[in-house]
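Okay, so here's the structure we're looking at.
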Amino acid sequence: MGEAAAAAGVDRSTIVRIRQVAKDGALTALAASKPGAVGKARDAELAAANAEIARLSEAVKELAVKLTLVEGKGGWG
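Yeah, the sequence shown ends on 84 if you go by the working numbering, and it's all consecutive.
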(Lines of atoms letter the chains of each structure in order from A; the text may use other names.)
(Lines give C-alpha, C1' and ligand atoms only; values in the text may rest on other atoms or scores of the structure.)
Protein backbone atom coordinates (compact mmCIF):
# COMPACT_ATOMS: atom_id res chain seq x y z
CA MET A 8 0.00 0.00 0.00
CA GLY A 9 2.89 2.28 0.70
CA GLU A 10 4.24 1.78 -2.80
CA ALA A 11 0.82 2.41 -4.35
CA ALA A 12 0.42 5.60 -2.32
CA ALA A 13 3.86 6.82 -3.33
CA ALA A 14 3.23 5.99 -6.99
CA ALA A 15 -0.10 7.84 -6.93
CA GLY A 16 1.28 10.73 -4.90
CA VAL A 17 -1.32 10.36 -2.14
CA ASP A 18 -1.30 9.51 1.54
CA ARG A 19 -1.32 5.85 2.56
CA SER A 20 -4.69 6.34 4.30
CA THR A 21 -6.21 7.30 0.95
CA ILE A 22 -5.17 3.95 -0.51
CA VAL A 23 -6.54 2.14 2.56
CA ARG A 24 -9.87 3.95 2.20
CA ILE A 25 -10.11 3.30 -1.56
CA ARG A 26 -9.36 -0.37 -0.94
CA GLN A 27 -12.11 -0.58 1.71
CA VAL A 28 -14.67 1.18 -0.50
CA ALA A 29 -13.82 -1.13 -3.41
CA LYS A 30 -14.09 -4.20 -1.19
CA ASP A 31 -17.46 -3.09 0.24
CA GLY A 32 -18.79 -2.35 -3.24
CA ALA A 33 -17.63 -5.71 -4.56
CA LEU A 34 -19.25 -7.56 -1.65
CA THR A 35 -22.50 -5.64 -2.10
CA ALA A 36 -22.54 -6.41 -5.82
CA LEU A 37 -21.78 -10.06 -5.15
CA ALA A 38 -24.58 -10.33 -2.59
CA ALA A 39 -27.03 -8.75 -5.02
CA SER A 40 -26.00 -11.18 -7.75
CA LYS A 41 -27.03 -14.26 -5.79
CA PRO A 42 -29.85 -16.13 -7.53
CA GLY A 43 -33.18 -14.92 -6.22
CA ALA A 44 -31.75 -12.10 -4.12
CA VAL A 45 -32.86 -9.34 -6.48
CA GLY A 46 -36.15 -11.03 -7.23
CA LYS A 47 -37.00 -11.33 -3.55
CA ALA A 48 -36.19 -7.68 -2.93
CA ARG A 49 -38.28 -6.62 -5.91
CA ASP A 50 -41.14 -8.90 -4.81
CA ALA A 51 -41.09 -7.33 -1.34
CA GLU A 52 -41.04 -3.84 -2.83
CA LEU A 53 -43.92 -4.72 -5.18
CA ALA A 54 -45.95 -6.19 -2.31
CA ALA A 55 -45.39 -3.04 -0.25
CA ALA A 56 -46.40 -0.85 -3.19
CA ASN A 57 -49.56 -2.91 -3.77
CA ALA A 58 -50.46 -2.65 -0.08
CA GLU A 59 -50.02 1.13 -0.24
CA ILE A 60 -52.20 1.31 -3.37
CA ALA A 61 -54.94 -0.67 -1.62
CA ARG A 62 -54.73 1.57 1.46
CA LEU A 63 -54.89 4.75 -0.61
CA SER A 64 -57.77 3.39 -2.70
CA GLU A 65 -59.79 2.79 0.45
CA ALA A 66 -58.99 6.28 1.73
CA VAL A 67 -60.14 7.82 -1.58
CA LYS A 68 -63.40 5.83 -1.42
CA GLU A 69 -64.05 7.05 2.12
CA LEU A 70 -63.39 10.65 1.13
CA ALA A 71 -65.65 10.32 -1.92
CA VAL A 72 -68.50 9.08 0.29
CA LYS A 73 -67.95 11.93 2.77
CA LEU A 74 -67.86 14.49 -0.04
CA THR A 75 -71.06 13.11 -1.50
CA LEU A 76 -72.78 13.33 1.87
CA VAL A 77 -71.56 16.90 2.47
CA GLU A 78 -72.61 18.06 -1.00
CA GLY A 79 -75.91 16.21 -0.69
CA LYS A 80 -76.74 17.88 2.64
CA GLY A 81 -76.03 21.30 1.14
CA GLY A 82 -78.57 20.69 -1.63
CA TRP A 83 -81.40 19.89 0.82
CA GLY A 84 -81.27 23.13 2.78
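Positions of the beta carbon are idealized from the N, C-alpha and C atoms, including for glycine.
What is the DSSP secondary structure of Ser20, reduced to helix, strand or coil? If you number the sequence shown from 1, residue 20 lands on position 13. Three-state DSSP puts Ser20 in a helix.
Simplified DSSP state of Ser40, which is helix, strand or coil: Position 33 of the sequence shown, counted from the first residue, corresponds to residue 40. Coil at Ser40, not helix or strand.
Does the distance from the CB of Thr21 to the CB of Ala14 come in under 8 Å? For the purposes of this step, residue 21 is taken as residue 14 along the sequence shown, with counting starting at 1. For the purposes of this step, residue 14 is taken as residue 7 along the sequence shown, with counting starting at 1. No, they are not a contact pair.
Rounding to the nearest angstrom, what Cα-Cα distance links Gly32 and Ala39 in this structure? Here residue 32 refers to the residue found at position 25 of the sequence shown. Here residue 39 refers to the residue found at position 32 of the sequence shown. Distance between the alpha carbons of Gly32 and Ala39 is about 11 Å.
Cβ of Met8 within 8 Å of Cβ of Arg19? Here residue 8 refers to the residue found at position 1 when the sequence shown is read from its first residue. Here residue 19 refers to the residue found at position 12 when the sequence shown is read from its first residue. Cβ distance < 8 Å, so Met8 and Arg19 count as in contact.
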